[in-house]
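**Student:**
Protein chains: 2
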Amino acid sequence: MTSNLKFTIDLAKRAGNLALSKMGKIQKITSKTDRRDVATDVDIKVEELIVEEIRKNFPHHNIIREEGQDIDNHSKDAWIIDPIDGTKYFAAGVKHFAVSIALWQKERPILGVVYQPGTDECWWAEKGGGAFLNNKKIKVSHLRTMADTIISVGGGGIANKSKKEQTEYLKVLNKIVPVCNRFRALGAGSLCLCYLAQGYLEAHISSPIRPAKIWDVAAGMIIAEEAGAKITNSKGKWPGRNTNDLIVTNGHIHQQLLKLLNKK
Amino acid sequence: MTSNLKFTIDLAKRAGNLALSKMGKIQKITSKTDRRDVATDVDIKVEELIVEEIRKNFPHHNIIREEGQDIDNHSKDAWIIDPIDGTKYFAAGVKHFAVSIALWQKERPILGVVYQPGTDECWWAEKGGGAFLNNKKIKVSHLRTMADTIISVGGGGIANKSKKEQTEYLKVLNKIVPVCNRFRALGAGSLCLCYLAQGYLEAHISSPIRPAKIWDVAAGMIIAEEAGAKITNSKGKWPGRNTNDLIVTNGHIHQQLLKLLNKK
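Residue numbers (the working numbering), protein chains in the order written: chain A, 17 to 280; chain B, 17 to 280.
(1) Which residue marks the beginning of the alpha helix (DSSP H) containing residue 121 of chain A, and which one marks its end?
(2) Using a Cβ-Cβ cut-off of less than 7 Å, give me the residues of the segment 188-210 of chain B that come near chain A, in sequence order.
(3) From A/62, A/89, A/64, A/85, pick the residue whose C-alpha is nearest to that of residue 75 of chain A; which is it?
(4) Could you name the residues of the same chain whose beta carbon sits closer than 6 Å to that of residue 277 of chain A, not counting the 5 residues immediately before and after it, in chain order?
(5) Would you report the Cα separation of residue 219 of chain B and residue 241 of chain B, rounded to the nearest angstrom?
(6) For the alpha helix (DSSP H) containing residue 37 of chain A, name the first residue and the last one.
(7) Just confirm the distance between the C-beta atoms of residue 270 of chain B and residue 158 of chain B, as a whole number of angstroms; I'd bet it's less than 8 Å.
(8) Is the shortest distance between the beta-carbon of residue 33 of chain B and the beta-carbons of chain A less than 8 Å?
(9) From the beta carbon of residue 51 of chain A, is the nearest beta carbon of chain B less than 8 Å away?
(10) For residue 118 of chain B, collect the residues of the same chain with a Cβ closer than 6 Å to its Cβ; drop the 5 residues on either side in sequence, then sort them by chain order.
(11) Can you tell me where the alpha helix (DSSP H) holding residue 270 of chain B begins and where it ends?
(12) Listed in chain order, which residues of the segment 145-177 of chain B have Cβ atoms closer than 9 Å to some Cβ of chain A?
(13) Within 8 Å of any Cβ in chain A, is that where the Cβ of residue 111 of chain B sits?
(14) What residues match up with residue 153 of chain B in a beta bridge as DSSP calls it?
(15) Compute the beta-carbon to beta-carbon distance between residue 202 of chain A and residue 168 of chain A, rounded to the nearest angstrom, for a pair I have assumed lies under 8 Å.
(16) Run through chain A and tell me which residues come within less than 7 Å of residue 131 of chain B, C-beta to C-beta.
(17) For residue 61 of chain A and residue 83 of chain A, what's the separation of their Cα atoms in angstroms?
(18) Pull the bridge partners of residue 81 of chain B from the DSSP assignment, please.
(19) What's the gap between the Cα of residue 103 of chain A and the Cα of residue 87 of chain B?
(20) Give me the chain A residues within the contact set of residue 56 of chain B, using Cβ-Cβ distance strictly less than 8 Å, ordered along the chain.
(21) Roughly how many angstroms lie between the CA atoms of residue 261 of chain A and residue 198 of chain B, to the nearest whole one?
(22) Cutting at 6 Å between CB atoms, please list the residues of its own chain near residue 208 of chain A, excluding the five before and the five after it.
(23) Using DSSP's beta-bridge definition, name the partner residues of residue 198 of chain A.
(24) Bridge partners of residue 140 of chain A, per DSSP?
(25) Buried or exposed for residue 59 of chain B, going by 16 or more other Cβ atoms inside 10 Å?
(26) Which chain A residues are close to residue 104 of chain B, counting only those with a beta carbon under 8 Å from its beta carbon?
(27) Are the Cβ atoms of residue 123 of chain B and residue 257 of chain B separated by less than 8 Å?
(28) Measure the CB-CB distance between residue 37 of chain A and residue 101 of chain A and report whether it falls below 8 Å.
(29) Listed from N- to C-terminal order along the chain, which residues in the segment 117-141 of chain B have their beta-carbon within a distance smaller than 8 Å of any beta-carbon of chain A?
(30) Helix, strand or coil: how does DSSP classify residue 110 of chain B here?
(31) Return no unless some Cβ of chain A is closer than 8 Å to the Cβ of residue 186 of chain B.
(32) For residue 65 of chain B and residue 139 of chain B, I'd like the C-alpha separation in whole angstroms.
(33) Is there a C-beta anywhere in chain B that falls below 8 Å from the one on residue 245 of chain A?
(34) Determine, for residue 182 of chain A, whether the minimum Cβ-Cβ distance to residues of chain B falls below 8 Å.
(35) Can you tell me where the alpha helix (DSSP H) with residue 67 of chain A in it begins and where it stops?
(36) Against chain A, with Cβ distances strictly below 8 Å, would residue 213 of chain B count as a contact?
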């Protein structure tokens, strides 16, 4: 384990445990796009802790973050941070939320850590070093028959979207749901990618109209990849930081899924 | 707290911690209806522990259980047990699973306990006594505007179902998804009802073609009810143990949701 990874694991755990200690003690909720798209004072406090530590240790790196202003030092290295992925769960006192911290070099992640304080689980990966959950190596599932798979789809709930966008979203659901064994819509994209990395999900598809933000998935992407996952956009290309169109699978069903999603 | 409730909480915690201690050490997986509908040797061992304790303490009661044979003593009291709700999660090492134990008198629950060992959270309720999460009273959400709600739908993934059943399921999804703020498909029905009881979800709808079994929801139903939820079938009647058609809401959106689901 490199010192960068050790630093990131320690920081994610500190940040996650701070968030958990504040659960049920939220003092302020701010709505962003709608009444359920919220940030709490805890999101902001936890992000401050993470940013402060990164600035102290990596003063020349860029920082991309969910809540505050990004820091652009014209570096090829960027830390990408979500202090609380799953804020809606957190705000209701449900422990399905995680801290996500990743380091990217240009368009590729080189390390990622996701920590769920409510279960004390830490997933991590470094380029070329495999993926781990609490020190145990994890691997994607070996299933290759679509009818056996569990597939998750990102953020539905589209009451505030246009008719055209609603139709686009429902088209994806109506393609996926009938071909898989179970479909899931779990929220907290970071955890979806970790569940895929450890073999629970065979695929995760970002919503076409309420796509994952890069801070939701920046760490999960390398954790999934190092566990054997394949990650592309719907054209089969590496998505980079453009997560508007993101398809992650166990590899075995990737081509079948792309074909299905691209079918008119 | 009555002695029956204390007994049930202690038992659910013992059972849940036994399951958690066996995670990653499953020795045998048996498929039931398809490759993902599984029981492990751990489900069976945990159920045995629960049944043994109930028989010792309540020798004249009935027992309805997920894995083994039911016990019918012609009693009006029936214990309804799911040793591991969320076995697919459990089998993949994800801590999103729970023990569910309820006591029903004829067609009504009188106490229910759901314990998630991975987060050390215990939800419970007794008839008329309110609902609790780890000793803290919980209440359903107060939201009444459909476009603000989070709604979960039970067990999709319908590859093995007939075309007619697939269409029926998709009809429900296509009605729900466009009107809510977020939709969720989480698996583990017991936890869905607890999340509703604590205000994260505004509604949970059982799948019309892969409905919840009574052991998934028997405890969650009284926990939700005692937190203020409304529970009916699509005709607006108390469903009893017939969970093929089950709609649970925070009460405020119940009529709107029934109307929507009954629309041709």
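Glycine residues also receive a C-beta, built at the ideal position from the N, C-alpha and C atoms.
**Tutor:** In terms of the structure at hand:
(1) From DSSP, residue 121 of chain A is part of no alpha helix (DSSP H) but of the beta strand (DSSP E) over 114-121.
(2) 189, 190, 193, 194, 195, 196, 197, 198, 199, 200, 201, 202, 203
(3) A/89
(4) 250
(5) 12 Å
(6) 19-37
(7) Incorrect: roughly 14 Å between the Cβ atoms, too far for contact.
(8) no
(9) yes
(10) 96, 125, 128, 234, 235
(11) 270-278
(12) 149, 152, 154, 157, 159, 161, 162, 163, 164, 165, 166, 167, 168, 169, 171, 172, 173, 174, 175, 176, 177
(13) yes
(14) B/148
(15) 6 Å
(16) The premise fails here: residue 131 of chain B is roughly 14 Å from chain A at the closest Cβ pair, so nothing lies under 7 Å.
(17) 10 Å
(18) B/97
(19) 44 Å
(20) Those within 8 Å of residue 56 of chain B in chain A number zero; the least Cβ separation is about 14 Å.
(21) 19 Å
(22) 168, 202, 220
(23) A/166
(24) A/129, A/148
(25) buried
(26) 166, 198, 216
(27) yes
(28) no
(29) 134, 135, 137
(30) coil
(31) yes
(32) 20 Å
(33) no
(34) yes
(35) 57-73
(36) no
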